[in-house]
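The sequence shown: position 209 = 213 (our numbering), numbered continuously. Report on the structure given below.
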Amino acid sequence: MRTAVILGLTGSIGTTALRGVSNFKDTVKVVGASVHSNVDKAIKLCLEHNIANLCITSNAPAPSVPDSIKIYRNLEEMLCTLQATVVLNGIAGSAGLAASVSAVKSGSELALANKETVVLGGKLFLQYAAKNKVKVIPVDSEHSALDELISNCGRENVSKLVITASGGPFRNTELEKLWDISPETAANHPTWKMGPKISIDSSTLANKGLEVIEAHYLFGFEPEKIEVVIHPQSVVHSMVRTTSGQVYAQLSPPDMVFPIMRALTGSHFERPAGKELDFTNLDLNFRKPDYNRFPFVADAFECIRKGGSYPIAYNAADEAAVALFMQGKIKYPQIHTAVNRVLNLDWSAKPCSLEEIPLIEKRAYNAVLSGESC
Ligand code: NDP
Ligand code: MG
5 MRTAVILGLT GSIGTTALRG VSNFKDTVKV VGASVHSNVD KAIKLCLEHN IANLCITSNA
65 PAPSVPDSIK IYRNLEEMLC TLQATVVLNG IAGSAGLAAS VSAVKSGSEL ALANKETVVL
125 GGKLFLQYAA KNKVKVIPVD SEHSALDELI SNCGRENVSK LVITASGGPF RNTELEKLWD
185 ISPETAANHP TWKMGPKISI DSSTLANKGL EVIEAHYLFG FEPEKIEVVI HPQSVVHSMV
245 RTTSGQVYAQ LSPPDMVFPI MRALTGSHFE RPAGKELDFT NLDLNFRKPD YNRFPFVADA
305 FECIRKGGSY PIAYNAADEA AVALFMQGKI KYPQIHTAVN RVLNLDWSAK PCSLEEIPLI
365 EKRAYNAVLS GESC
């Protein structure tokens with residue numbers, strides 16, 4: 005029996021993990037979870053799923069809870085006490101990095117949905133995990149697919165990574181109409197059900213940019229060896245080109261339960277993790293992205309090439325700009341304008357330690373808020 009802790013229990017990843025585990029009660033037991041502010045919902049989920057330990061990461065007042073649940077206020081303390089087989093990080097945004105560092109300290113395997121951990125932490129984080137002999141299992145669907153494909157094909161035989169992107173809800177919308185898009189419309193993704201931030205990022209393709217950076221660090225491929233392909237159905241989760249000129253793909257319905265359960269079960273499946281793929285009327289399309297329409301993807305490649313703290317600035321500026329858009333303070337096309345302006349500043353200095361990263365993020369965040377320009 006593997007034991008698991010779910011960080012971000014109340015979110016889209018957290019609740020999908022609970023759905024997945026309910027089908028694998030003989031393989032995985034959830035022993036702990038974390039929540040930030042949605043404490044009542046988390047307690048309800050803990051009671052429904054017999055989760056005995058809950059960490060509240062915000063300073064929300066202490067709730068009254070039944071004796072069956074132990075409340076922690078310090079994540080590292082809970083993770084080190086529980087020593088679960090695997091910690092699933094489903095926390096949204098840059099707060100996920102500190103949680104991943106705590107998971108590494110506990111020695112548990114790290115099932116990583118929180119892509120910000122890799123985008124912000126980069127080599128520093130992956131070296132830290134490797135030094136502590138902690139296995140990092142990608143959960144982002146594209147990276148889970150790539151992980152599977154690379155290990156099946158053999159790293160030495162893979163010449164290129166091909167990351168698929170749905171293209172989001174506005175892939176065919178006239179550019180002038182983008183000025184009228186509301187946060188609610190932008191957060192309504194055509195194929196995936198996800199939290200608001202990642203849904204908006206999927207519509208601008210900033211999410212694909214983050215995933216390109218994530219793939220670069222996780223698998224060690226240079227930008228020239230990473231392609232992005234628009235595939236609206238989100239059934240092919242990614243592909244690899246091999247040195248022989250062939251392409252291998254991983255397919256499953258667009259449901260995060262597959263990559264989540266791959267990580268939580270340690271790839272031991274006695275039954276399918278979710279509804280199997282139905283080929284009745286299944287049309288799959290692919291096309292190359294237009295980087296004029298999707299400048300975020302081109303920016304991400306540029307950030308990898310420039311190195312330094314550019315990937316950190318990309319993530320932080322986008323987080324700040326999306327927050328402004330959600331508050332109605334800027335228009336949809338201005339999300340990219342704000343990020344682009346920040347990326348024109350000098351981010352060439354690399355962080356020397358994981359502790360330095362929040363300072364760099366703060367500078368990028370503030371540059372968006374103050375409209376700082378080069
Ligand atoms: P949601 O917004 O649905 O959920 C976020 C979770 O994180 C909630 O449990 C929330 O708690 C918690 N949280 C929010 N802020 C903080 C904080 N400052 N400190 C600690 N916990 C916090 O997000 P998603 O589930 O959609 O995404 C989670 C991560 O997984 C993101 O990094 C995303 O990019 C990645 N991912 C998500 C996919 C998806 O299908 N959803 C697919 C691939 C990757 P509370 O409810 O209390 O606010
Ligand atoms: Mg993804």
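Glycine included, every Cβ here is placed at the ideal spot set by N, Cα and C.
Extent of the continuous beta strand (DSSP E) to which residue i belongs
{"i": "Lys1", "result": "The structure shown does not extend to residue 1, since the chain is modelled only from 5 through 378, so no value can be given for it."}
{"i": "Val261", "result": "Val261 -> not in any beta strand (DSSP E); alpha helix (DSSP H) instead, spanning 261–269."}
{"i": "Ala302", "result": "Note, Ala302: premise wrong, no beta strand (DSSP E); alpha helix (DSSP H) at 299–310."}
{"i": "Val388", "result": "Since the first residue shown for the chain is 5 and the last is 378, residue 388 is missing from the structure and cannot be characterised."}
{"i": "Val138", "result": "No beta strand (DSSP E) contains Val138, which DSSP labels as neither H nor E."}
{"i": "Thr168", "result": "162–169"}
{"i": "Glu113", "result": "113–116"}
The alpha helix (DSSP H) enclosing residue i, as first and last residue numbers
{"i": "Glu81", "result": "79–86"}
{"i": "Asp153", "result": "Before going further, note that residue 153 is Leu rather than Asp in the sequence given. Leu153 -> alpha helix (DSSP H) spans 145–157."}
{"i": "Thr20", "result": "16–25"}
{"i": "Lys201", "result": "200–208"}
{"i": "Ala190", "result": "187–190"}
Residues sharing a beta bridge with residue i, DSSP
{"i": "Glu226", "result": "According to DSSP, which records beta bridges pairwise, Glu226 is partnered with nothing at all."}
{"i": "Ala253", "result": "Met243"}
{"i": "Arg291", "result": "Ile234"}
{"i": "Ala219", "result": "According to DSSP, Ala219 bridges with nothing at all."}
Straight-line gap, residue i to residue j (C-alpha atoms, nearest Å)
{"i": "Ala368", "j": "Glu113", "result": "31 Å"}
{"i": "Asn156", "j": "Gly249", "result": "16 Å"}
{"i": "Arg6", "j": "Thr31", "result": "6 Å"}
{"i": "Pro187", "j": "Pro173", "result": "12 Å"}
{"i": "Pro299", "j": "Pro293", "result": "10 Å"}
{"i": "Ile316", "j": "Pro355", "result": "10 Å"}
{"i": "Ile204", "j": "Asn192", "result": "8 Å"}
{"i": "Ala304", "j": "Tyr318", "result": "7 Å"}
{"i": "Ala302", "j": "Phe273", "result": "38 Å"}
{"i": "Ile398", "j": "Gly171", "result": "With the chain covering 5 to 378 only, the question about residue 398 has no answer from this structure."}
{"i": "Val240", "j": "Asn161", "result": "20 Å"}
{"i": "Arg159", "j": "Leu222", "result": "13 Å"}
{"i": "Gly224", "j": "Val35", "result": "33 Å"}
{"i": "Lys33", "j": "His340", "result": "42 Å"}
{"i": "Val90", "j": "Leu116", "result": "10 Å"}
{"i": "Ala353", "j": "Ser313", "result": "6 Å"}
{"i": "Ser377", "j": "Phe290", "result": "In this prediction, Ser377 has a pLDDT of 45, which is less than 50 and means its spatial position is unreliable; what the coordinates show is noted afterwards. Whole-angstrom Cα-Cα distance: 37 Å."}
{"i": "Ile361", "j": "Leu92", "result": "22 Å"}
{"i": "Gly270", "j": "Gln87", "result": "16 Å"}
{"i": "Tyr132", "j": "Gly111", "result": "12 Å"}
{"i": "Lys139", "j": "Asp350", "result": "34 Å"}
{"i": "Ser374", "j": "Thr20", "result": "38 Å"}
{"i": "Ile95", "j": "Gly15", "result": "8 Å"}
{"i": "Ile75", "j": "Leu22", "result": "19 Å"}
{"i": "Asn211", "j": "Ile202", "result": "7 Å"}
{"i": "Ala37", "j": "Ile60", "result": "9 Å"}
{"i": "Ser72", "j": "Arg309", "result": "51 Å"}
{"i": "Lys2", "j": "Thr189", "result": "Summary: the structure shown does not reach residue 2, with the chain confined to residues 5 through 378, and so no result is reported for it."}
{"i": "Asn348", "j": "Ala320", "result": "14 Å"}
{"i": "Thr195", "j": "Met260", "result": "11 Å"}
{"i": "Ser206", "j": "Leu79", "result": "29 Å"}
{"i": "Tyr336", "j": "Ala371", "result": "18 Å"}
{"i": "Ile167", "j": "Asn296", "result": "18 Å"}
{"i": "Leu209", "j": "Asp322", "result": "11 Å"}
{"i": "Leu363", "j": "Ser163", "result": "36 Å"}
{"i": "Asn54", "j": "Pro200", "result": "28 Å"}
{"i": "Leu268", "j": "Ser26", "result": "12 Å"}
{"i": "Leu182", "j": "Glu81", "result": "46 Å"}
Contact with chain D by residue i, beta-carbon distance below 8 Å
{"i": "Ile204", "result": "Absent from the structure: chain D. Only one protein chain is present."}
#### Entry: Sequence ranges, beta strand (DSSP E) only - wholly within the segment 325–378, length at least 3
Counting whole runs of 3 or more residues, the segment 325–378 contains no beta strand (DSSP E) stretch at all.
### Query
Are there three or more Cβ pairs, one per stretch, closer than 8 Å when the segment 100–108 is compared with the segment 118–126?
Touching, yes, given that three or more Cβ pairs across the two stretches are closer than 8 Å.
### Query
Three or more C-beta pairs closer than 8 Å, one from the segment 225–237 and one from the segment 314–334: is that the case here?
With contact defined as three or more Cβ pairs closer than 8 Å, the segment 225–237 and the segment 314–334 are not in contact.
#### Entry: Nearest-residue set for the ligand NAD, Cβ under 6 Å from any heavy atom
Of the ligands one can find in the structure shown, namely the ligand NDP and the ligand MG, none is the ligand NAD.
### Task
Identify every run of the beta strand (DSSP E) within the segment 49–110, keeping only runs that are complete inside it and at least 3 residues long; order them along the chain.
Taking only runs of at least 3 residues, the beta strand (DSSP E) segments lying wholly in the segment 49–110 are 57–60, 74–76, 90–93.
### Message
Does the contact criterion of 3 or more C-beta pairs under 8 Å hold for the segment 252–271 versus the segment 138–156?
### Response
As far as the Cβ criterion goes, the segment 252–271 touches the segment 138–156, which means the pair count is three or higher.
### Query
Are at least three pairs of beta-carbons, each pair with one atom in the segment 276–283 and one in the segment 176–183, less than 8 Å apart?
As far as the Cβ criterion goes, the segment 276–283 does not touch the segment 176–183, which means the pair count is below three.
### Task
Pair every Cβ in the segment 64–78 with every Cβ in the segment 41–56, then say whether three or more of these pairs are closer than 8 Å.
Yes, since at least three Cβ pairs between the segment 64–78 and the segment 41–56 fall closer than 8 Å, the two stretches touch.
### contact_flag[the segment 202–216, the segment 126–138] where n(CB pairs < 8 Å) is 3 or more
Three or more beta-carbon pairs separated by less than 8 Å are not found between the segment 202–216 and the segment 126–138, which leaves the two stretches without contact.
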